[in-house]
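Since the structure comes first, as structure tokens, the remarks are kept for the end.
In the numbering used here, the protein residues as written are 4 to 180.
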């Protein structure tokens with residue numbers, strides 16, 4: 004069966020703008036990574052390793068050997084933790100440190116996500132403002148040509164800028180109900 008789809012043609016100039024924006028965002032991420040403190044970079048590396056299959060395999064082997072030795076499953080090797088108290092303590096201490104490293108990394112990620120969210124909001128507000136101005140311009144052109152497109156009440160509402168505070172108040176009011 005032949006393929007009935009094909010990619011849409013790219014508008015001229017869009018790819019250069021897109022490439023520029025991607026490059027700027029990559030540069031920003033690189034700069035943010037370079038500005039991270041030593042402890043943040045270390046925490047990120049530990050968290051990345053702790054979330055890998057290598058970490059799981061290393062622990063499966065280490066704990067498996069620990070159990071095998073202390074259950075006397077390996078002949079000739081003397082048990083060193085027959086009650087598994089040391090194993091429990093080691094696992095608890097490791098869990099405390101790992102959870103701390105994960106929290107440090109999550110805090111950095113939350114901070115980056117908050118900055119991205121603020122950027123998205125500002126871009127959306129700017130786009131809304133520009134669209135509002137375009138609507139007013141198109142309305143003026145339509146009136147000059149004698150074309151009545153929509154009702155004046157609806158158009159008046161569209162031509163007003165959206166207040167971010169009013170939107171947030173409305174969202175908070177909806178959550179309270």
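Glycine included, C-beta positions come from ideal geometry on N, C-alpha and C.
Just so it is clear, the structure is predicted and the values come from calculations on it, not from any experiment.
Which residue from the options puts its Cα closest to that of residue i?
i           : options             : result
residue 107 : 50, 65, 170 and 136 : 50
residue 150 : 156, 157 and 142    : 142
residue 45  : 84, 103 and 155     : 103
residue 168 : 128, 43 and 72      : 128
residue 32  : 174, 132 and 112    : 112
Using DSSP with H/G/I as helix, E/B as strand and the rest coil, what is residue i?
i           : result
residue 1   : The first residue shown for the chain is 4 and the last is 180, placing residue 1 beyond what the model contains.
residue 131 : helix
residue 176 : helix
residue 136 : helix
residue 9   : coil
residue 79  : coil
residue 39  : coil
residue 152 : coil
residue 70  : helix
residue 87  : coil
Leaving out five residues before and five after residue i in sequence, what residues of the same chain have Cβ atoms less than 6 Å from its Cβ?
i           : result
residue 176 : none
residue 69  : 90
residue 118 : none
residue 109 : none
residue 157 : none
residue 59  : none
residue 84  : 73 and 90
Go through its chain and collect everything with a Cβ distance to residue i's Cβ below 8 Å, but skip five positions before and after it.
i           : result
residue 154 : none
residue 105 : 50 and 53
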